[in-house]
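Novice:
Protein chains: 2
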Amino acid sequence: MTYCVGLLLDQGIVLLSDTRTNAGLDNISIYRKMFTFSNDGERVIAIMTAGSLSVTQTTLARLTEATEEDDPDETRSILHAPSMLKVAQIIGATLADVTTDVSIKLSRMNQSATASLIVAGQRRGGPMRMFLIYPEGNFIEATRDTPFLQIGEHKYGKPILDRVITPETSLEDAEKAVLLSMDSTLRSNLSVGMPLDLVVIEKDSFRISRQRRIEAEDERFAQLSRAWSDALRDAYQKIESL
Amino acid sequence: MTYCVGLLLDQGIVLLSDTRTNAGLDNISIYRKMFTFSNDGERVIAIMTAGSLSVTQTTLARLTEATEEDDPDETRSILHAPSMLKVAQIIGATLADVTTDVSIKLSRMNQSATASLIVAGQRRGGPMRMFLIYPEGNFIEATRDTPFLQIGEHKYGKPILDRVITPETSLEDAEKAVLLSMDSTLRSNLSVGMPLDLVVIEKDSFRISRQRRIEAEDERFAQLSRAWSDALRDAYQKIESL
Chain G
167 MTYCVGLLLD QGIVLLSDTR TNAGLDNISI YRKMFTFSND GERVIAIMTA GSLSVTQTTL
227 ARLTEATEED DPDETRSILH APSMLKVAQI IGATLADVTT DVSIKLSRMN QSATASLIVA
287 GQRRGGPMRM FLIYPEGNFI EATRDTPFLQ IGEHKYGKPI LDRVITPETS LEDAEKAVLL
347 SMDSTLRSNL SVGMPLDLVV IEKDSFRISR QRRIEAEDER FAQLSRAWSD ALRDAYQKIE
407 SL
Chain S
167 MTYCVGLLLD QGIVLLSDTR TNAGLDNISI YRKMFTFSND GERVIAIMTA GSLSVTQTTL
227 ARLTEATEED DPDETRSILH APSMLKVAQI IGATLADVTT DVSIKLSRMN QSATASLIVA
287 GQRRGGPMRM FLIYPEGNFI EATRDTPFLQ IGEHKYGKPI LDRVITPETS LEDAEKAVLL
347 SMDSTLRSNL SVGMPLDLVV IEKDSFRISR QRRIEAEDER FAQLSRAWSD ALRDAYQKIE
407 SL
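These protein sequence lines map, in sequence, to chains G and S.
So my numbering is basically just the index in the first sequence, starting at one, shifted up by 166.
So my numbering is basically just the index in the second sequence, starting at one, shifted up by 166.
In structure tokens:
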């Protein structure tokens, strides 16, 4: 499995993904699930992936190919589409096509493969937007009422987000919140694993503002994790029983 | 869905269940999922249920019937079985039988129905034991390494248990922990709902030590919930960002 979370806030977009993929429990690998596309100063798009690696890799390969054509087609290149909504539609259509292709092959073995994506970004002249794209290619969008989207193993890390995230949350606090949400997931579910990829896109910057990989041995993440554990235990001790 | 959690601790057993059942989203009802059987001073057994109501009600009815026979059969009555392991075997076999009966009916409609149970208790002369019984009737047992078992919507409430529960946890702290675990689940998942049923069985008491229903309007639970939210937000604010 996977855990990816995206926040759409007044000040910008914060995205975090893990990197664990597994085919069964005895075949665990590290694959990037965070992909960025940008035309700095004009447009920035980030895509996070969950689900079958064969589907997500082929989808990303097709999307990338379309952006690199000599005469890019704005109905196929996400770097040239006229709006973020069109970007989501292109990605949704590509995902649906790939899913269909792969499923035809797999149906002979009575197997299936699906994937979900989170797509976030902004183009000059438009607002920041963030979408969750379903395997069938349809999608939903983050709003002020629901400023975060999750794919993969989303349940462990949802309570902290439900409690602390609002559209007004600062980018710094938001980074902390997604890391703590991930930390809860890492502790409780083996199928989500380090390293992590963190991306921040500040509003109206039209570029990746910060991007970093947090490795398994990252001492500051380990400190954050310990501090959160200690703080939770303290909080728990202080609460009076019923 | 449902959320039920059971802790097997050095000082005793703590069990908490919600009461929401739903057939679709437009048909929500309250049904008890916590059932106790006891022969005070000799034996106490608690069963929590998750899954299809038709399966769990029929299973409980058959188990109850077997305990009320004039000449109870120790291979069928959980109040007369010679050990907690035998109790788990009787319950597992009953659940598997009921599941098979119901599934034969439902298979004509291409539907299926399953249920899982948590069974905990102690008989005089034996240790406290707690089992998670799968729809097929097989089961696993809580141990010192893994002193809690969950059924239903278990993911939201797992991180807090992973962090604070050890076999040495006091019964008072354990009550608090299961209530906070439930609180996180209630907030993040509509299919889990108030009221709650809490049962505590102290070690070597061979009776239900405390049993209470916590209603939706319970002011002390609301306070606990608010205090935990505040404590979590405080803890979150205090943590330094990466």
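Cβ atoms here follow ideal geometry from the backbone N, Cα and C, with glycine treated the same way.
1. Taking just the CA atoms, how far does V171 (chain S) sit from I244 (chain S)?
2. Please state if the CB of T241 (chain S) and the CB of T265 (chain S) are separated by a distance shorter than 7 Å.
3. From the DSSP output, in three-state form, read off D184 (chain G) for me.
4. By the DSSP assignment, the alpha helix (DSSP H) with Q277 (chain S) in it spans what residues?
5. Examine chain G for any beta-carbon lying closer than 7 Å to the beta-carbon of D311 (chain S), and answer yes or no.
6. Evaluate contact between the segment 203-210 of chain S and the segment 360-379 of chain S, counting only Cβ atoms and requiring at least three cross-stretch pairs below 8 Å.
7. Going by the beta-carbon positions, is the gap between S357 (chain G) and M167 (chain G) smaller than 7 Å?
8. The beta strand (DSSP E) with L298 (chain G) in it runs from where to where?
9. Run through the segment 290-338 of chain G for me and flag every whole alpha helix (DSSP H) of 4 or more residues, listed as ranges in chain order.
10. Any C-beta of chain S within less than 9 Å: which residues of the segment 341-369 of chain G qualify?
11. Using C-beta distances below 8 Å, list every residue in its chain close to K342 (chain S), excluding the 5 sequence neighbours before and after it, in chain order.
12. Can you tell me which of the three DSSP states E234 (chain S) falls into?
13. Using 8 Å as the threshold, is the segment 399-407 of chain G in touch with the segment 314-332 of chain G, meaning 3 or more CB pairs across them?
14. For a contact meaning CB atoms closer than 9 Å, what does Y402 (chain G) contact in chain S?
15. Return no unless some Cβ of chain S is closer than 7 Å to the Cβ of I179 (chain G).
16. Could one say the Cβ of L408 (chain G) lies closer than 7 Å to chain S's Cβ atoms, at least one of them?
17. F372 (chain S) by DSSP, collapsed to three states: which one?
18. Which residue marks the beginning of the beta strand (DSSP E) containing Y169 (chain G), and which one marks its end?
19. What's the C-alpha gap between M214 (chain S) and T335 (chain S)?
20. Quick one: list the residues of chain S neighbouring I405 (chain G), beta-carbon separation under 7 Å, in chain order.
21. L261 (chain G) and T224 (chain G) - do their beta-carbons sit closer together than 7 Å?
22. Do F314 (chain S) and A254 (chain S) come within 7 Å of each other at the CB atom, strictly closer than that value?
23. Does the beta-carbon distance from L408 (chain S) to R392 (chain G) come in below 7 Å?
24. Report the rounded CA-to-CA distance for D192 (chain G) versus S218 (chain G), giving the unit in angstroms.
25. Please report the straight-line C-alpha distance between L174 (chain G) and D267 (chain G), rounded to a whole angstrom.
26. What does R386 (chain G) reach in chain S if we use C-beta pairs closer than 7 Å?
27. So which of G:L337, G:P238, G:T185, G:A247 has the shortest CA-CA distance to G291 (chain G)?
28. Note the first and the last residue of the continuous beta strand (DSSP E) segment covering R209 (chain S).
29. Leaving out five residues on either side along the sequence, give the residues of the same chain with a beta carbon under 7 Å from the beta carbon of Y322 (chain G).
30. Out of curiosity, what's the CA-to-CA distance linking V344 (chain G) and R379 (chain S)?
Specialist: From the atom records:
1. Locating residue 244 (chain S) in the second sequence gives position 78, counting from the first residue. Locating residue 171 (chain S) in the second sequence gives position 5, counting from the first residue. Approximately 21 Å between the Cα atoms of the pair.
2. Sequence index remark: in the second sequence, residue 265 (chain S) carries index 99 (1-based). Sequence index remark: in the second sequence, residue 241 (chain S) carries index 75 (1-based). It is not a contact, given that the beta carbons lie outside the stated cut-off.
3. The sequence position of residue 184 (chain G) within the first sequence is 18, counting from 1. Three-state result, D184 (chain G): coil.
4. In the second sequence, counting from the first residue as 1, residue 277 (chain S) sits at position 111. No alpha helix (DSSP H) holds Q277 (chain S); DSSP gives it neither H nor E.
5. Position 145 of the second sequence, counting from 1, holds the residue named residue 311 (chain S). Cβ-Cβ to chain G under 7 Å: no for D311 (chain S).
6. yes
7. In the first sequence, residue 357 (chain G) corresponds to position 191, counting from 1. In the first sequence, residue 167 (chain G) corresponds to position 1, counting from 1. Yes, the Cβ-Cβ distance between S357 (chain G) and M167 (chain G) is below 7 Å.
8. As a working mapping, residue 298 (chain G) is identified with position 132 in the first sequence. L298 (chain G) -> beta strand (DSSP E) spans 295-299.
9. 324-330
10. E341, K342, A343, L345, L346, D349, S350, T351, R353, S354, N355, L364
11. Counted from its first residue, the second sequence places residue 342 (chain S) at position 176. L390.
12. By 1-based counting over the second sequence, the position of residue 234 (chain S) is 68. Three-state DSSP puts E234 (chain S) in coil, outside helix and strand.
13. no
14. Mapped onto the first sequence, residue 402 (chain G) falls at position 236. In chain order: I326, R329, V330, D339, K342, A343, L346, W394, A397.
15. The sequence position of residue 179 (chain G) within the first sequence is 13, counting from 1. Not closer than 7 Å to any Cβ of chain S, the Cβ of I179 (chain G) fails to qualify, so no.
16. Looking up residue 408 (chain G) in the first sequence gives position 242. Answer yes: the Cβ-Cβ gap between L408 (chain G) and chain S drops below 7 Å somewhere.
17. Indexing the second sequence from 1 puts residue 372 (chain S) at position 206. Coil at F372 (chain S), not helix or strand.
18. Counting from one through the first sequence, the residue named residue 169 (chain G) turns up at place 3. It spans 169-175 - the beta strand (DSSP E) in which Y169 (chain G) sits, taken as one unbroken run.
19. As a working note, residue 214 (chain S) is residue 48 in the second sequence. As a working note, residue 335 (chain S) is residue 169 in the second sequence. Looking at the two C-alpha atoms, the distance is approximately 22 Å.
20. Locating residue 405 (chain G) in the first sequence gives position 239, where the first residue counts as 1. Going along chain S in sequence order, the residues near I405 (chain G) (Cβ under 7 Å) are K342, L390, A393, W394, A397.
21. In the first sequence, counting from the first residue as 1, residue 224 (chain G) sits at position 58. In the first sequence, counting from the first residue as 1, residue 261 (chain G) sits at position 95. Cβ distance not < 7 Å, so T224 (chain G) and L261 (chain G) don't count as in contact.
22. As a first step, residue 254 (chain S) is located in the second sequence; it is residue number 88 there, counting from the start. As a first step, residue 314 (chain S) is located in the second sequence; it is residue number 148 there, counting from the start. No. Outside cutoff.
23. For the purposes of this step, residue 408 (chain S) is identified with residue 242 of the second sequence, where counting begins at 1. For the purposes of this step, residue 392 (chain G) is identified with residue 226 of the first sequence, where counting begins at 1. Not closer than 7 Å, so no.
24. The residue you call residue 192 (chain G) lines up with position 26 of the first sequence. The residue you call residue 218 (chain G) lines up with position 52 of the first sequence. Distance between the alpha carbons of D192 (chain G) and S218 (chain G): 16 Å.
25. Position 8 of the first sequence, counted from the first residue, corresponds to residue 174 (chain G). Position 101 of the first sequence, counted from the first residue, corresponds to residue 267 (chain G). When rounded, the distance between both Cα atoms is 32 Å.
26. As a first step, residue 386 (chain G) must be located in the first sequence, where it is residue number 220. Under the 7 Å cutoff, chain S gives L408.
27. Sequence index remark: in the first sequence, residue 291 (chain G) carries index 125 (1-based). Of the candidates G:L337, G:P238, G:T185, G:A247, the one whose C-alpha sits nearest the C-alpha of G291 (chain G) is G:A247.
28. Taking the first residue of the second sequence as 1, we reach residue 209 (chain S) at position 43. Per DSSP, R209 (chain S) belongs to the beta strand (DSSP E) from 209-217.
29. Position 156 of the first sequence, counted from the start, is the residue given in the question as residue 322 (chain G). Here the set comprises S350, T351, S354, N355.
30. Residue 344 (chain G) sits at position 178 when you count from the first residue of the first sequence. Residue 379 (chain S) sits at position 213 when you count from the first residue of the second sequence. Spanning the two alpha carbons is a distance of roughly 35 Å.
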